[in-house]
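J.: Mind looking over this structure? Questions follow.
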Amino acid sequence: APPDVILIENVPGLNTQYGRDIYEKFLKKIKKAGFSEENIFSDFLDAHDYYVPQIRKRLILMASRHKPI
-12 APPDVILIEN VPGLNTQYGR DIYEKFLKKI KKAGFSEENI FSDFLDAHDY
38 YVPQIRKRLI LMASRHKPI
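Given below as C-alpha cells:
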C-alpha cells in the first residue's frame, strides 16, 4: 500500500528540462497512487529563509492522501 504522506527534499536541478521530466513522471505516479492535486505542495525554498546559516535552495514536496497540506 502507498504511504499516507510523502516528504521529499531535493536539489533544485529538478527545475531543469531533464529534471522536470523526472519530476512530472513522479507526480503522475503519486497521483495514480491516490494523492490528489489539492493534497500536494511543491516549491523551491531557500533554507536561509528558515534560519539555516547558509544559502541553500531546495525542492520541497509534501503530499497527503487524506487532506490538503
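Counting from -12, one number per residue, gives the positions in the sequence shown under the working numbering.
Glycine is no exception: its CB is placed at the ideal position from the N, C-alpha and C atoms.
Quick check on DSSP: helix, strand or coil for R45?
T.: To locate residue 45, count along the sequence shown from 1; it is residue 58. If DSSP states are grouped into helix, strand and coil, R45 belongs with the strands.
J.: Taking the alpha-carbon positions, what's the S22 to S51 distance?
T.: In the sequence shown, counting from the first residue as 1, residue 22 sits at position 35. In the sequence shown, counting from the first residue as 1, residue 51 sits at position 64. Correcting the residue type first, residue 22 is Phe in the shown sequence and not Ser. Near 6 Å, if we compare the C-alpha coordinates of S51 and F22.
J.: May I ask you to report which of helix, strand or coil DSSP gives I56?
T.: Counted from its first residue, the sequence shown places residue 56 at position 69. Three-state result, I56: coil.
J.: Please work out which residues of its chain come closer than 8 Å, Cβ to Cβ, to H35, disregarding the five sequence neighbours upstream and downstream, and give them in chain order.
T.: Numbered from its first residue, the sequence shown carries residue 35 at position 48. Counting only Cβ-Cβ distances below 8 Å, and skipping sequence neighbours, we find Q41, I42 and R43.
J.: By how many angstroms is the C-alpha of Y37 removed from the C-alpha of K12?
T.: Here residue 12 refers to the residue found at position 25 when the sequence shown is read from its first residue. Here residue 37 refers to the residue found at position 50 when the sequence shown is read from its first residue. Their backbone Cα atoms lie some 29 Å apart in a straight line.
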